[in-house]
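Student:
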Amino acid sequence: MDFSKADNKVARKLFEVALQRELKKEMQVFSEILDQWKNQQPEDNRDDYYKIFTAVTDFDKHIARRYDGMRNSWFFDTIIAMLLDKTITHANLEGFSEEAKSEILRILKFREKDYN
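Each number in my numbering corresponds to the 1-based position in the sequence shown with 8 added.
#1: Count the other C-beta atoms from every protein chain shown that fall within 10 angstroms of the C-beta of residue 97, then say buried if there are 16 or more, exposed otherwise.
#2: Tell me whether the region 11-29 and the region 73-87 touch, counting them as touching only if at least three CB pairs, one residue from each stretch, are closer than 8 Å.
#3: Output the boundary residues of the alpha helix (DSSP H) element that contains residue 104.
#4: In angstroms, rounded to a whole number, what distance separates the CA positions of residue 65 and residue 43?
#5: What did DSSP end up calling residue 47 once you bin it into helix, strand or coil?
#6: Apart from the five residues just before and just after residue 8, which ones in its own chain have a Cβ nearer than 8 Å to its Cβ?
#7: Does residue 91 pass the burial test, meaning 16 or more other C-beta atoms within 10 Å, or should it be called exposed?
#8: With distances taken between CB atoms, is the gap from residue 104 to residue 37 smaller than 8 Å?
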């Protein structure tokens, strides 16, 4: 489904909200890795460095795949993906037209079966 211009505008705003949520959540993960390292104070820091490096790299790849160079034709599927991974909720769909919300929720039902 292609969104209307108005729905595309709503989607772009929602992508920024979702990005900020994902950044906050992942920064907490990074913090937990560093806290664990601080508490353990290992003699060899390579494993802990690799943990943080891997976490940042993996997250960076996820963010790039989801948000970089996004085309309007990808907006619908991205919204579905964000609902599936709970980055956004049904309440975040309020700004969309009734037609867009209805189609999002219809497709979401089918994809939830495959996702779970």
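Glycine included, every Cβ here is placed at the ideal spot set by N, Cα and C.
Tutor: Quick look at the numbers:
#1: In the sequence shown, residue 97 corresponds to position 89, counting from 1. Classification of residue 97: exposed, given that the 10 Å Cβ count is below 16.
#2: yes
#3: The sequence position of residue 104 within the sequence shown is 96, counting from 1. Unbroken run through residue 104: none, as it is neither H nor E.
#4: As a working mapping, residue 65 is identified with position 57 in the sequence shown. As a working mapping, residue 43 is identified with position 35 in the sequence shown. Each residue's alpha carbon lies about 19 Å from the other.
#5: Position 39 of the sequence shown holds residue 47. DSSP places residue 47 in helix when its eight states are reduced to three.
#6: Residue 8 lies beyond the range of the chain shown here (9 to 124); nothing can be said about it.
#7: Taking the first residue of the sequence shown as position 1, residue 91 is located at position 83. Looking at its Cβ environment, which holds 16 or more other Cβ atoms inside 10 Å, residue 91 is buried.
#8: Residue numbering aside, residue 104 sits at position 96 when the sequence shown is read from its first letter. Residue numbering aside, residue 37 sits at position 29 when the sequence shown is read from its first letter. No, they are not a contact pair.
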